[in-house]
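Trainee: Next up is a structure, given as structure tokens.
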Amino acid sequence: MSTNDALIHARGLTKRFGGLTAVDGIDFDVSKGEAFGFLGPNGAGKSSTMRMIGCVSPVGGGTLRVLGLDPAADGPAIRGRLGVVPQLDNLDNELTVRENVIIYGRYFGLARRDLRQRADELLEFVQLSERANDPVEPLSGGMKRRLTIARSLVNDPDVLLLDEPTTGLDPQARHVVWDRLFRLKQQGVTLVLTTHYMDEAEQLCDRLVVMDHGKIAEEGSPAGLIQRLSTREVVELRFPGDAPVVESSAFNGRVARVEVLPDRVLLYTDDGDALAPIAHELLGAQSVLVRRSTLEDVFLRLTGRTLVD
Amino acid sequence: MDGALRAYEHWVTSYRRLWRASIVSSVLNPVLYLTALGVGLGKLVNHGPHPLGVSYVAFVAPGVLAATGMQIATNESSFPVMAALRWTRTYYAMLASPLRVRDILIGHQLYFASRVAVAATIYLAALAAFGTLHSGYAIFALPVTVLVGAAFSAPVAAFSAWAPKDAYLSALLRFGIVPMFLFSGTFFPVTRLPPGVREIAYATPLWHGVDLARHLTLGTATWGMSLVHVAYLVAFAGAGLVIAERSYRKRLVL
Ligand SMILES: Nc1ncnc2c1ncn2[C@@H]1O[C@H](COP(=O)(O)OP(=O)(O)OP(=O)(O)O)[C@@H](O)[C@H]1O
Ligand SMILES: [Mg+2]
Chain H
15 MSTNDALIHA RGLTKRFGGL TAVDGIDFDV SKGEAFGFLG PNGAGKSSTM
65 RMIGCVSPVG GGTLRVLGLD PAADGPAIRG RLGVVPQLDN LDNELTVREN
115 VIIYGRYFGL ARRDLRQRAD ELLEFVQLSE RANDPVEPLS GGMKRRLTIA
165 RSLVNDPDVL LLDEPTTGLD PQARHVVWDR LFRLKQQGVT LVLTTHYMDE
215 AEQLCDRLVV MDHGKIAEEG SPAGLIQRLS TREVVELRFP GDAPVVESSA
265 FNGRVARVEV LPDRVLLYTD DGDALAPIAH ELLGAQSVLV RRSTLEDVFL
315 RLTGRTLVD
Chain Y
274 MDGALRAYEH WVTSYRRLWR ASIVSSVLNP VLYLTALGVG LGKLVNHGPH
324 PLGVSYVAFV APGVLAATGM QIATNESSFP VMAALRWTRT YYAMLASPLR
374 VRDILIGHQL YFASRVAVAA TIYLAALAAF GTLHSGYAIF ALPVTVLVGA
424 AFSAPVAAFS AWAPKDAYLS ALLRFGIVPM FLFSGTFFPV TRLPPGVREI
474 AYATPLWHGV DLARHLTLGT ATWGMSLVHV AYLVAFAGAG LVIAERSYRK
524 RLVL
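As structure tokens, this is what we get:
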């Protein structure tokens, strides 16, 4: 992909805070209409990357082009064409739901008259029309998140940046947010999101990079990554105390790889149902579960750690 | 400037939610002050020879006017600035748009100035009603009060953006603003202060504002001294803005 058709183009992108390298020379491109994800644990450098893309944090090294422009030179112009849902909410609690959208639109120089209509449309889209005239403060976490999304769309952005859009929400609220983001994706809005939820990444991302310690470990589609870096199925054995140490050689070639976690042993295999009884007998686990591989397994393979502890 | 006006609009919009309460206090405060000081304290002070040359209430009223500018500006630019950076994170919301750090700073400062201007207008009207305006030049006490506000809101915003925690702000109000209110010529002439302390009072921006406002309402202002006062206040506001932009940038652009 050349620089020209990429909406976001990064080469050797770096960010340092004092002695700490938060983003360590990463390369990626995001093209139009794509849903692109940064999957990584706490402190991986996801927000630091997003803030550089959002042109609110100066690039510490390497090249970054957003919408073909240089953030250092054209920050305000680029920001005018981005939508941002930050990790930490910054709604105006003392204003009503509708006023939040309108006043945010004013930052972009949009006319008040147009904004009234636009706010109603956006609130309809995020299913907050009934709360339009209520203050923000008593809204639930999921509603606030949806309002932040509505607000970020006020300028009809070319790219929507979402930093952990559903962190801290209960499962039901997350599904409502996912549903809305999925709808945006269908409408052709380019999404860039960070998450440490593998299911979120699987649901929403066409393509993602796995990030750890400021570096990109792998890149691909969720299915492609799983296929390339994990087996089809996983036999998951739980133990009441410490899990035993096991080697894959113990299973006569049925097991491609073994991961031993504090309370679990994961056996990577292409035929879980065949392996499960054998493994159960051999290791005497408290419970045995056969499941498909997920991005969690990919992450474990790449970093030796789980995503969410 | 366009960007600053858009940031300003945010603060005005939020203010609309609480303007009633604040207008009431803007009207009530001066009336209470003038009644207490003029009718109450003034009665005691005005006995005997008249060292000030005017009634006590006419002396003290412009001082309180300037001090009110200081107080509103300081209140608005201390905790609310810290809140916009740390708690409500309003500045970050603004920065995600085409607004620049400078727009965000200036927009908020314009709002502080508006708050001071509204209060000063009401106050000045009350002063007129109490018959303490002795000159047409008194009208210039209005922009002077706004300037006093800026001489505080800019450096206080700089301080609040820099301050590591909110206790710093309480300390500023307690050990900086309150003593200034009491000893910068608002209630009695600075010449009554012992030498040494007097020079400190002369160095405060509030004294310059009080002295200028007083000469304007009493009709005793001279060009020379007035320009000195204005220059002093402008210097405070200007230096405050320069430092504030730096400390805003340090917090917002990481
Ligand atoms: N302003 C800052 N000053 C100093 N260090 C910072 C700053 N911002 C981030 N860091 C550090 O940089 C590293 C990456 O942080 P970042 O917020 O980008 O991670 P993240 O992937 O978004 O994590 P999380 O899932 O917790 O949001 C962390 O070690 C963090 O402590
Ligand atoms: Mg983050």
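Heads up: the protein sequence lines correspond to chains H and Y, in order.
The working numbering applies: residue 15 is where the first sequence begins, and numbers increase by one.
The working numbering applies: residue 274 is where the second sequence begins, and numbers increase by one.
Quick reminder that beta carbons are idealized off the backbone N, C-alpha and C, glycines included.
Who are the neighbours of Glu178 of chain H on chain Y, taking C-beta pairs under 7 Å?
Mentor: Numbered from 1 along the first sequence, position 164 holds the residue referred to as residue 178 of chain H. Going along chain Y, no residue has its Cβ under 7 Å from Glu178 of chain H, so there is no contact; the nearest lies around 15 Å.
Trainee: How about Val419 of chain Y and Val374 of chain Y: do their beta carbons lie closer than 8 Å?
Mentor: Counting from 1 along the second sequence, the entry for residue 419 of chain Y is found at position 146. Counting from 1 along the second sequence, the entry for residue 374 of chain Y is found at position 101. Result no, Cβ atoms of Val419 of chain Y and Val374 of chain Y do not sit closer than 8 Å.
Trainee: What's the gap between the Cα of Gly82 of chain H and the Cα of Ala280 of chain Y?
Mentor: Within the first sequence, numbered from 1, the residue matching residue 82 of chain H stands at position 68. Within the second sequence, numbered from 1, the residue matching residue 280 of chain Y stands at position 7. Gly82 of chain H and Ala280 of chain Y: Cα-Cα distance of roughly 27 Å.
Trainee: Using a C-beta to C-beta distance shorter than 9 Å, which residues of chain Y count as neighbours of Tyr282 of chain H?
Mentor: Sequence index remark: in the first sequence, residue 282 of chain H carries index 268 (1-based). Within 9 Å Cβ-Cβ: nothing; Tyr282 of chain H doesn't reach chain Y, min ~41 Å.
Trainee: Roughly how far, in whole angstroms, is the beta-carbon of Phe50 of chain H from the beta-carbon of Leu222 of chain H, given that I think they are within contact range, below 8 Å?
Mentor: Mapped onto the first sequence, residue 50 of chain H falls at position 36. Mapped onto the first sequence, residue 222 of chain H falls at position 208. Confirmed, Cβ separation roughly 7 Å.
Trainee: Heavy atom of ligand 2 less than 7 Å from the Cβ of Asp177 of chain H, yes or no?
Mentor: Start at 1 with the first residue of the first sequence, and residue 177 of chain H comes out as number 163. Yes, Cβ of Asp177 of chain H sits closer than 7 Å to a heavy atom of ligand 2.
Trainee: In the DSSP assignment, find the unbroken beta strand (DSSP E) run with Asp41 of chain H in it and report its ends.
Mentor: For the purposes of this step, residue 41 of chain H is taken as residue 27 along the first sequence, with counting starting at 1. That run of the beta strand (DSSP E) goes Leu34 to Ser45.
Trainee: Check each candidate in H:Ala264, H:Val73, H:Leu275 and H:Val269 and name the one with the smallest Cα separation from Gly255 of chain H.
Mentor: Here residue 255 of chain H corresponds to residue number 241 of the first sequence, with the count starting at 1. If we check each option's Cα against that of Gly255 of chain H, H:Leu275 comes out closest.
Trainee: Does the separation of the CB atoms of Val421 of chain Y and Ala356 of chain Y fall below 8 Å?
Mentor: Taking the second sequence and counting its residues from 1, the one referred to as residue 421 of chain Y is at position 148. Taking the second sequence and counting its residues from 1, the one referred to as residue 356 of chain Y is at position 83. It is not a contact, given that the beta carbons lie outside the stated cut-off.
Trainee: Report all residues from its chain with a CB closer than 7 Å to the CB of Ala386 of chain Y; omit the five preceding and five following residues, and keep chain order.
Mentor: The residue labelled residue 386 of chain Y in the question sits at position 113 within the second sequence. Around Ala386 of chain Y: Val419, Gly422 and Ala423.
Trainee: Quick one: does the C-beta of Lys523 of chain Y sit closer than 7 Å to a heavy atom of ligand 3?
Mentor: With respect to small molecules bound, the structure shown includes ligand 1 and ligand 2 and not ligand 3.
Trainee: Does the CB of Asn147 of chain H have a neighbour CB from chain Y at under 8 Å?
Mentor: Numbered from 1 along the first sequence, position 133 holds the residue referred to as residue 147 of chain H. No, no contact with chain Y.
Trainee: Buried or exposed, going by whether 16 or more other CB atoms sit within 10 Å of the CB of Ala508 of chain Y?
Mentor: To locate residue 508 of chain Y, count along the second sequence from 1; it is residue 235. Looking at its Cβ environment, which holds fewer than 16 other Cβ atoms inside 10 Å, Ala508 of chain Y is exposed.
Trainee: Taking DSSP's pairing of strands, which residues face Pro149 of chain H in a bridge?
Mentor: Position 135 of the first sequence, counting from 1, holds the residue named residue 149 of chain H. For Pro149 of chain H, which the question treats as bridged, DSSP gives the partners H:Thr110.
Trainee: Would you kindly work out how many angstroms separate the C-alpha atoms of Leu383 of chain Y and Arg197 of chain H, rounded to a whole number?
Mentor: Locating residue 383 of chain Y in the second sequence gives position 110, where the first residue counts as 1. Locating residue 197 of chain H in the first sequence gives position 183, where the first residue counts as 1. So the alpha carbons of these two residues sit roughly 41 Å apart.
Trainee: Taking 7 Å as the line, does the beta carbon of His189 of chain H fall inside it for any heavy atom of ligand 1?
Mentor: Here residue 189 of chain H corresponds to residue number 175 of the first sequence, with the count starting at 1. Answer for His189 of chain H: no, Cβ out of range of ligand 1.
Trainee: Taking 7 Å as the cut-off, does the CB of Gly54 of chain H come closer than this to any heavy atom belonging to ligand 1?
Mentor: Residue mapping note: residue 54 of chain H aligns to position 40 of the first sequence, counting from 1. Within the cutoff, so yes.
Trainee: Is the Cβ-Cβ distance between Phe352 of chain Y and Leu445 of chain Y less than 8 Å?
Mentor: If you number the second sequence from 1, residue 352 of chain Y lands on position 79. If you number the second sequence from 1, residue 445 of chain Y lands on position 172. Not a contact, by the Cβ cut-off of 8 Å.
Trainee: Return the CA-CA distance between Arg4 of chain H and Tyr364 of chain Y, expressed in angstroms with no decimal places.
Mentor: No answer is possible for residue 4 of chain H: it lies beyond the span of chain H, which begins at 15 and ends at 323.
Trainee: Check whether the Cβ of Ser62 of chain H sits closer than 7 Å to any heavy atom of ligand 1, and report yes or no.
Mentor: Taking the first sequence and counting its residues from 1, the one referred to as residue 62 of chain H is at position 48. At least one heavy atom of ligand 1 is nearer than 7 Å to the Cβ of Ser62 of chain H, so yes.
Trainee: Quick one, which residues of the region 260-287 of chain H are near chain Y if we go by CB-CB under 7 Å, in chain order?
Mentor: If the cut-off is 7 Å between Cβ atoms, the region 260-287 of chain H has nothing near chain Y.
Trainee: Can you list, in chain order, the residues of the region 349-373 of chain Y whose Cβ is nearer than 7 Å to any Cβ on chain H?
Mentor: Here the close residues are Thr361, Arg362, Thr363, Tyr365, Ala366, Met367, Leu368, Ala369, Ser370, Pro371, Leu372 and Arg373.
Trainee: Taking 7 Å as the line, does the beta carbon of His502 of chain Y fall inside it for any heavy atom of ligand 1?
Mentor: Looking up residue 502 of chain Y in the second sequence gives position 229. No, since every heavy atom of ligand 1 falls outside the 7 Å radius drawn around the Cβ of His502 of chain Y.
Trainee: Comparing the C-beta of Ser295 of chain Y with each C-beta of chain H, is any distance below 8 Å?
Mentor: Translated into positions along the second sequence, residue 295 of chain Y becomes position 22. Cβ-Cβ to chain H under 8 Å: no for Ser295 of chain Y.
Trainee: Whole angstroms are fine: how far does the CA of Leu455 of chain Y sit from the CA of Ala399 of chain Y?
Mentor: The sequence position of residue 399 of chain Y within the second sequence is 126, counting from 1. The sequence position of residue 455 of chain Y within the second sequence is 182, counting from 1. The straight-line gap from Cα to Cα measures roughly 22 Å.
Trainee: Along the beta strand (DSSP E) that carries Lys438 of chain Y, what are the first and last residues, could you check?
Mentor: Translated into positions along the second sequence, residue 438 of chain Y becomes position 165. Looking at the DSSP string, Lys438 of chain Y is not in any beta strand (DSSP E), and its letter there is neither H nor E.
Trainee: Do the region 164-182 of chain H and the region 145-154 of chain H make contact, defined as three or more Cβ pairs closer than 8 Å?
Mentor: No: the two stretches stay apart, fewer than three of their Cβ pairs being nearer than 8 Å.
Trainee: Are three or more beta carbon pairs between the region 97-105 of chain H and the region 168-175 of chain H nearer than 8 Å?
Mentor: Because the criterion of three Cβ pairs below 8 Å is met, the region 97-105 of chain H and the region 168-175 of chain H touch.
Trainee: Smallest Cα separation from Gly54 of chain H: which of H:Ile292, H:Ala231 and H:Ala293?
Mentor: Along the first sequence, read from residue 1 onward, the residue named residue 54 of chain H stands at position 40. Closest option to Gly54 of chain H, Cα to Cα, is H:Ala231.
Trainee: Is the Cβ-Cβ distance between Val168 of chain H and Phe122 of chain H less than 8 Å?
Mentor: Taking the first sequence and counting its residues from 1, the one referred to as residue 168 of chain H is at position 154. Taking the first sequence and counting its residues from 1, the one referred to as residue 122 of chain H is at position 108. Yes; because the gap between Cβ atoms is below 8 Å, this pair is in contact.
Trainee: Verify the CB distance criterion: does Ser298 of chain Y have a CB-CB separation below 8 Å to chain H?
Mentor: Here residue 298 of chain Y refers to the residue found at position 25 of the second sequence. Closer than 8 Å: no.
Trainee: Per DSSP, which one or two residues make a beta bridge with Lys29 of chain H?
Mentor: Sequence index remark: in the first sequence, residue 29 of chain H carries index 15 (1-based). Beta-bridge pairing links Lys29 of chain H to H:Val37.
Trainee: Spell out whether any CB of chain H is found under 8 Å from the CB atom of Leu527 of chain Y.
Mentor: Locating residue 527 of chain Y in the second sequence gives position 254, where the first residue counts as 1. By this cut-off, Leu527 of chain Y is an interface position.
Trainee: Between the region 94-107 of chain H and chain Y, which residues of the former have CB atoms less than 7 Å from a CB of the latter, in chain order?
Mentor: Those would be Gly94, Val98, Pro100, Leu102, Asn104, Asp106 and Asn107, in chain order.
Trainee: Is Asp24 of chain H a contact residue of ligand 1, with contact defined as CB to any heavy atom under 7 Å?
Mentor: To locate residue 24 of chain H, count along the first sequence from 1; it is residue 10. For the sequence presented, residue 24 of chain H should be read as Ala rather than Asp. Incorrect: Ala24 of chain H has no Cβ contact closer than 7 Å to ligand 1.
Trainee: Please report the distance separating the alpha-carbon of Arg268 of chain H from that of Asp284 of chain H.
Mentor: Residue numbering aside, residue 268 of chain H sits at position 254 when the first sequence is read from its first letter. Residue numbering aside, residue 284 of chain H sits at position 270 when the first sequence is read from its first letter. Going by the C-alpha atoms only, they are around 8 Å apart.
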